[in-house]
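Chemist:
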Amino acid sequence: MDSITKNRQSPETLRSVVARAYGAALVPTGDDWVHELGHGWFNVAYRIRLRDARQVVLKIAPPAGVEVMTYERGAMATELAALELIRSHTSVPVPAVDFADTSRELVDADWFTMPFVDADNYGVIRSGLSAHEQDRYDAALGALTRELNTIQGPAFGPLGGPGVATWREHFLSMVADALHDGERRSVDLDYAALRSIFADQSGCLDPVTSPRFVEWDLWASNVLVRDGRIVAIIDHERAFFGDPLIEAGFVATQLPSFGNPTAFVRGYGRTGLTPGEQQRRRLYTLYLTLVMAVEVAYRGRTGPAHHDWTRARLAEAKALFDR
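Below, the structure is given as structure tokens:
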């Protein structure tokens, strides 16, 4: 996917980055040693073949002068913190970090490198798999998501802090940021109605008292599979400490346009949602679709089809409160 947030660099700069991360002896020469990985929509990622034939991935944060949504500020620091937490506290497979650079001496943004995982992107191949294979992968993703959610946080909020004592306070601050981001870019939304829904329904958030690690962006496109199993999950820049019920896998329990959640929910170990959980999940669905509708204005290169799709999902999420 293309976006103005992708901080593409020249081959000369990429060679300098490789030299800093792996040493001058491993800087590639010749042609055909670098390829952009195009699945993401925020950071640019390159697959690079080092001189010793090892393959690595370089991720670069957006350019310093490109405006991003409030919750995306410092996203690469969040991803690095998430990777450390996951590797330290779970058995969930994630790539190791080879080198991270926040100096901005070679590039006008943070960057890091990691080994390339030779596997298929589940989001790309999913439609070509049998129903049985999809069911197995979705259930495995549910189980991995549950394990991620076992990580206990010190407070609700960003992985790097500062956090707050209540989930209601942090979630409403996330909502306020997204609404402000939309207003700042003059995105045409019914802001008064949205603010009213979130304010009126926010009491259902109070039963959540334990801050847990939440990936939030764990879609099929961020899952790598090989030989019938999940071998890595990637793209952790949207993680925070919050309510596990906000995870992406639960969205389809209310919006069928996001797929069939049955296998994910089973793999997670859930048998269903209580009325209170359903109410929270409606708020989380509305927040997600709000972010999707607003972020179009911050990517710069989207067509009418994507714009219309996000608006339709936001309308569906708002309609959940009319029932």
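Note that the sequence shown ends on residue 323 in full-length UniProt numbering; no numbers are left out.
Even glycine gets a Cβ: it sits at the ideal position worked out from N, Cα and C.
This structure is a prediction, so every number in the text was calculated from the model and none was measured.
#1: Does the beta-carbon of Asp31 have 16 or more other beta-carbons within 10 angstroms, so that it is buried, or is it exposed?
#2: Just to confirm before moving on: does the CB-CB distance between Arg51 and Phe116 stay below 8 Å?
#3: Can you give me the start and stop residues for the alpha helix (DSSP H) that Tyr46 sits inside?
#4: Leu58 to Met114, Cα distance in whole Å?
#5: Helix or strand or just coil, what does DSSP make of Gln279?
#6: Using the Cα positions of Gly182 and Arg313, report the straight-line distance between them to the nearest angstrom.
#7: Which first and last residues belong to the beta strand (DSSP E) in which Ala100 is found?
#8: Output the distance between the C-alpha atoms of Tyr22 and Leu14, rounded to the nearest integer angstrom.
#9: Return yes when the Cβ of Phe240 is within less than 8 Å of the Cβ of Gly161, no when it is not.
#10: Return helix, strand or coil for Glu36, following the three-state DSSP convention.
#11: Please tell me whether Thr289 and Ala317 are closer than 8 Å, where the distance is taken between their beta carbons.
#12: Tell me which residues share the same chain as Gln201 and place their Cβ nearer than 8 Å to its Cβ, disregarding the 5 neighbours each side in the sequence.
#13: Compare the beta carbon distance of Ala75 and Glu237 with 8 Å and say whether it is the shorter of the two.
#14: Exposed or buried, what is Arg299 when buried is set at 16 or more other beta-carbons lying within 10 Å of its beta-carbon?
#15: Could you give the C-beta distance for residue 338 and Leu141, rounded to a whole number, given that I count them as a contact under 8 Å?
#16: Tell whether a beta-carbon distance below 8 Å holds between Leu245 and Ala232.
#17: By a C-beta neighbour count over all protein chains shown, 10 Å radius and 16 as the cutoff for buried, is Pro207 buried or exposed?
#18: Measure the beta-carbon distance from Phe42 to Thr5 and round it to whole angstroms, keeping in mind my assumption that it falls under 8 Å.
#19: Which of helix, strand or coil does DSSP assign to Asp235?
#20: Hey, could you find the ends of the beta strand (DSSP E) Leu58 is sitting in?
#21: Does Asp110 pass the burial test, meaning 16 or more other C-beta atoms within 10 Å, or should it be called exposed?
#22: Who are the Cβ neighbours of Pro261 in its own chain at under 7 Å, not counting the five residues just before and after it?
#23: Might you give, ordered along the chain, the residues of its own chain that have their beta carbon closer than 7 Å to the beta carbon of Asp135, omitting 5 neighbours on each side?
#24: Start and end of the beta strand (DSSP E) containing Leu224?
#25: Quick one: Cα of Val124 to Cα of Ala100, how far?
#26: Find the nearest neighbour of Tyr122 within the set Ala220, Phe171, Ser210, judged by alpha-carbon distance.
#27: Would you tell me roughly how many angstroms separate the C-alpha atoms of Ala77 and Pro256, rounded to the nearest one?
#28: Thinking Val34 and Val27 are a contact (beta carbons under 8 Å), I'd like their distance in whole angstroms, please.
#29: On a Cα-Cα basis, can you pick out the residue from Leu172, Pro11, Ser196 that is closest to Glu36?
#30: Please report the distance separating the alpha-carbon of Phe112 from that of Val94.
#31: What is the residue span of the beta strand (DSSP E) that Pro115 lies within?
Modeler: Working from what's here:
#1: Taking the first residue of the sequence shown as position 1, residue 31 is located at position 31. By the Cβ-count criterion, Asp31 is exposed, with fewer than 16 other Cβ atoms from all chains shown falling within 10 Å of its own Cβ.
#2: On the sequence shown, residue 51 is found 51 positions in, with the first residue counted as 1. On the sequence shown, residue 116 is found 116 positions in, with the first residue counted as 1. The Cβ atoms of Arg51 and Phe116 lie no closer than 8 Å to each other.
#3: Position 46 of the sequence shown, counted from the first residue, corresponds to residue 46. Boundaries around Tyr46 are those of the beta strand (DSSP E), 44-49, since no alpha helix (DSSP H) includes it.
#4: To locate residue 58, count along the sequence shown from 1; it is residue 58. To locate residue 114, count along the sequence shown from 1; it is residue 114. For the pair Leu58 and Met114, the Cα-to-Cα distance works out to about 7 Å.
#5: Here residue 279 refers to the residue found at position 279 when the sequence shown is read from its first residue. Note: Gln279 maps to helix in three-state DSSP.
#6: Locating residue 182 in the sequence shown gives position 182, counting from the first residue. Locating residue 313 in the sequence shown gives position 313, counting from the first residue. Gly182 and Arg313 have their C-alpha atoms spaced approximately 16 Å apart.
#7: As a working mapping, residue 100 is identified with position 100 in the sequence shown. Per DSSP, Ala100 belongs to the beta strand (DSSP E) from 99-101.
#8: Taking the first residue of the sequence shown as position 1, residue 22 is located at position 22. Taking the first residue of the sequence shown as position 1, residue 14 is located at position 14. Each residue's Cα considered, the two are about 12 Å apart.
#9: For the purposes of this step, residue 161 is taken as residue 161 along the sequence shown, with counting starting at 1. For the purposes of this step, residue 240 is taken as residue 240 along the sequence shown, with counting starting at 1. For the 8 Å CB-CB criterion, Gly161 and Phe240 do not form a contact.
#10: If you number the sequence shown from 1, residue 36 lands on position 36. Three-state result, Glu36: strand.
#11: Residue mapping note: residue 289 aligns to position 289 of the sequence shown, counting from 1. Residue mapping note: residue 317 aligns to position 317 of the sequence shown, counting from 1. Yes, these two residues count as a Cβ contact at 8 Å.
#12: Reading the sequence shown from its first residue, position 201 is the one you call residue 201. Gln279, Arg282, Leu283, Phe321, listed in sequence order.
#13: Counting from one through the sequence shown, the residue named residue 75 turns up at place 75. Counting from one through the sequence shown, the residue named residue 237 turns up at place 237. Taking a C-beta distance under 8 Å as the contact criterion, Ala75 and Glu237 qualify as a contact pair.
#14: Working through the sequence shown from its first residue, we reach residue 299 at position 299. Counting Cβ neighbours within 10 Å, Arg299 comes out buried, since at least 16 surround it.
#15: As shown, the chain starts at 1 and ends at 323. That puts residue 338 outside it, with no answer to give.
#16: Within the sequence shown, numbered from 1, the residue matching residue 245 stands at position 245. Within the sequence shown, numbered from 1, the residue matching residue 232 stands at position 232. One thing to note: Leu245 has its Cβ no nearer than 8 Å to the Cβ of Ala232.
#17: Residue mapping note: residue 207 aligns to position 207 of the sequence shown, counting from 1. Exposed is the call here.
#18: Residue numbering aside, residue 42 sits at position 42 when the sequence shown is read from its first letter. Residue numbering aside, residue 5 sits at position 5 when the sequence shown is read from its first letter. Under the criterion of beta carbons closer than 8 Å, Phe42 and Thr5 qualify as touching, at roughly 5 Å.
#19: Indexing the sequence shown from 1 puts residue 235 at position 235. It is coil, neither helix nor strand.
#20: Looking up residue 58 in the sequence shown gives position 58. In this chain, the beta strand (DSSP E) harbouring Leu58 covers 55-60.
#21: By 1-based counting over the sequence shown, the position of residue 110 is 110. Label assigned to Asp110: buried.
#22: Translated into positions along the sequence shown, residue 261 becomes position 261. Correct list, in chain order: Gly249, Phe250, Ala252, Thr253.
#23: Translated into the one-based positions of the sequence shown, residue 135 becomes position 135. Cβ neighbours of Asp135 beyond the five flanking positions: Ala263.
#24: As a working note, residue 224 is residue 224 in the sequence shown. It spans 223-226 - the beta strand (DSSP E) in which Leu224 sits, taken as one unbroken run.
#25: Translated into the one-based positions of the sequence shown, residue 124 becomes position 124. Translated into the one-based positions of the sequence shown, residue 100 becomes position 100. Taking the straight line from one Cα to the other gives about 28 Å.
#26: Taking the first residue of the sequence shown as 1, we reach residue 122 at position 122. It is Ala220 whose Cα lies nearest to the Cα of Tyr122.
#27: Start at 1 with the first residue of the sequence shown, and residue 77 comes out as number 77. Start at 1 with the first residue of the sequence shown, and residue 256 comes out as number 256. Cα-Cα distance, rounded: 33 Å.
#28: Along the sequence shown, read from residue 1 onward, the residue named residue 34 stands at position 34. Along the sequence shown, read from residue 1 onward, the residue named residue 27 stands at position 27. Contact doesn't hold; Cβ gap of about 11 Å is too wide.
#29: Walking along the sequence shown from the start, residue 36 turns up at place 36. Out of Leu172, Pro11, Ser196, the CA that lies nearest to the CA of Glu36 is found in Pro11.
#30: Reading the sequence shown from its first residue, position 112 is the one you call residue 112. Reading the sequence shown from its first residue, position 94 is the one you call residue 94. Cα to Cα, the separation comes out at about 14 Å.
#31: Along the sequence shown, read from residue 1 onward, the residue named residue 115 stands at position 115. For Pro115, the enclosing beta strand (DSSP E) starts and ends at 111-115.
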